[in-house]
Amino acid sequence: MGRVFSAAAWFLVAPLAGAGNQINMSPGVTEMGGNIFELHMLIMWICVGIGVLVFGAMFYSIYAHRKSKGHQASQFHESTQVEVAWTVVPFLILIAMAFPATSTLLDVYDNDESELDILITGHQWKWKYEYLDDSGETVVFFSNLATPQEEIYNTQGKGENYLLEVDEPLVIPTHTKVRFLITANDVIHSWWVPEIAVKRDAIPGFINEAWTRVPEEGIYRGQCTELCGAYHGFMPIEVHAVSRDEFDSWIAAKRGIAAAQTELAMQTLSVDELMDEGKRVYDSACLVCHGAGGEGGVGNAIAGSPVVLGDIAAHMALVADGVAGTAMQAFGDQLTAVDMAAVLTYQRNAFGNNTGDVVQPGDVAGTKNG
451 MGRVFSAAAW FLVAPLAGAG NQINMSPGVT EMGGNIFELH MLIMWICVGI
501 GVLVFGAMFY SIYAHRKSKG HQASQFHEST QVEVAWTVVP FLILIAMAFP
551 ATSTLLDVYD NDESELDILI TGHQWKWKYE YLDDSGETVV FFSNLATPQE
601 EIYNTQGKGE NYLLEVDEPL VIPTHTKVRF LITANDVIHS WWVPEIAVKR
651 DAIPGFINEA WTRVPEEGIY RGQCTELCGA YHGFMPIEVH AVSRDEFDSW
701 IAAKRGIAAA QTELAMQTLS VDELMDEGKR VYDSACLVCH GAGGEGGVGN
751 AIAGSPVVLG DIAAHMALVA DGVAGTAMQA FGDQLTAVDM AAVLTYQRNA
801 FGNNTGDVVQ PGDVAGTKNG
């Protein structure tokens, strides 16, 4: 009996434990997150109070009026007062719960007057971020898992943020209303960052909206929370909230990189440059399915592949267009001309393939434009 009371007492005080306690939901850092947390606690304590009263009365009646003490159950068939009471009291309780819940929900879905719009698209198994701008200078990039393969395959110890690190984090300014337009390219995903109080399903062909206003600079981590395939656990989310000045500098640098990529696509790169860049692209975009040594896995082997050893145009078309009904995605819109040329060159000359073929960015750009 003592253990039962101890467990019950722990359940009641657990929500009051420190911020490190993961049993209760986190209030996060945003005002909206705090409002949701307060609503959660209000509803929980109302339910706890009802439970204590109902079960307390029930257990007292069972104990105090047990048959062994000679009590006889009262016989009655109706009581207007009791019926009115157990109708009116629950109604008033529901009204008391509905008012704050409705107010909070209205705030949650108030996506108007945003200062920054970001389109988020879920892919197997990465996120695409597109900063929408009326000027036409859109910033677009993919965010991939950055956890080293050595940690995943247990050849070295796990890092502090195992499976929560990305190569390109989402960057947003503090004290700014940011609206997220969330969708998916292939299957259903879900974009969830608890500390900034955002969770929305990413559904192909449909756009869900959410918003946040982060008051504090920092790094906020999340994950895909909809089972989306074999590597669902490899879709972390990393949000960097920075000052407005730092954000403006970052977005300007991103636009500069995009312009440089356009210029680079018109140049002829050395084999070493293509191989180095190709390995980086392969590790971030191809390795999960095709293996660190090109041995295959979810996808076919790259080492000795007839496609990789065959016609360059066919190889390029496969990478660009993907294969319908399989895990092989279409990378034509995901990779720049430089990245596409580099990864094709790398695949054709790594893992023992050694074809000697070199694909230049101009070859890819010509195919895209054609």
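Numbering (my numbering) for the sequence shown: 451 to 820. Positions of the beta carbon are idealized from the N, C-alpha and C atoms, including for glycine.
- Separation of the CB atoms of alanine 792 and leucine 737 is rounded to 14 Å, and the pair is thereby denied contact status at 8 Å.
- The distance from the Cβ of threonine 571 to that of tyrosine 581 is about 13 Å, inconsistent with a contact at the 8 Å cut-off.
- For alanine 551, there is no enclosing beta strand (DSSP E); the enclosing alpha helix (DSSP H) has its first and last residue at 530-558.
- At least 8 Å separates the beta-carbon of methionine 790 from that of valine 773.
- Its chain contains Val721, Leu724, Met725, Gly728, Asp807, Val808, Val809 as the residues whose beta carbon lies nearer than 8 Å to that of threonine 795, once the 5 sequence neighbours on both sides are disregarded; these appear in chain order.
- Between valine 689 and proline 619 the beta-carbon gap is near 7 Å, inside 8 Å, which marks them as a contact.
- By the neighbour-count criterion, in which 16 or more other beta carbons inside 10 Å mark a residue as buried, methionine 716 falls on the exposed side.
- Taking 8 Å as the cut-off, the Cβ atoms of alanine 680 and proline 654 do not count as close.
- Judged by pairs of C-beta atoms under 8 Å, the segment 665-681 does not touch the segment 562-571, as fewer than three such pairs exist.
- Shown here, glutamate 688 sits in a strand according to DSSP, grouped into three states.
- The beta-bridge partner set that DSSP reports for tryptophan 577 consists of Gly572, Ser593.
- As the crow flies, the alpha-carbon of phenylalanine 591 is around 6 Å from that of tyrosine 579.
- When secondary structure is reduced to three states using DSSP, phenylalanine 509 falls in the helix class.
- Your pair valine 757 and valine 479 does not check out as a contact, with CB atoms roughly 48 Å apart and the cut at 8 Å.
- Under the three-state reduction of DSSP output, glutamate 601 falls in the helix class.
- In the three-state scheme derived from DSSP, where H, G and I count as helix and E and B as strand, alanine 702 is classed as helix.
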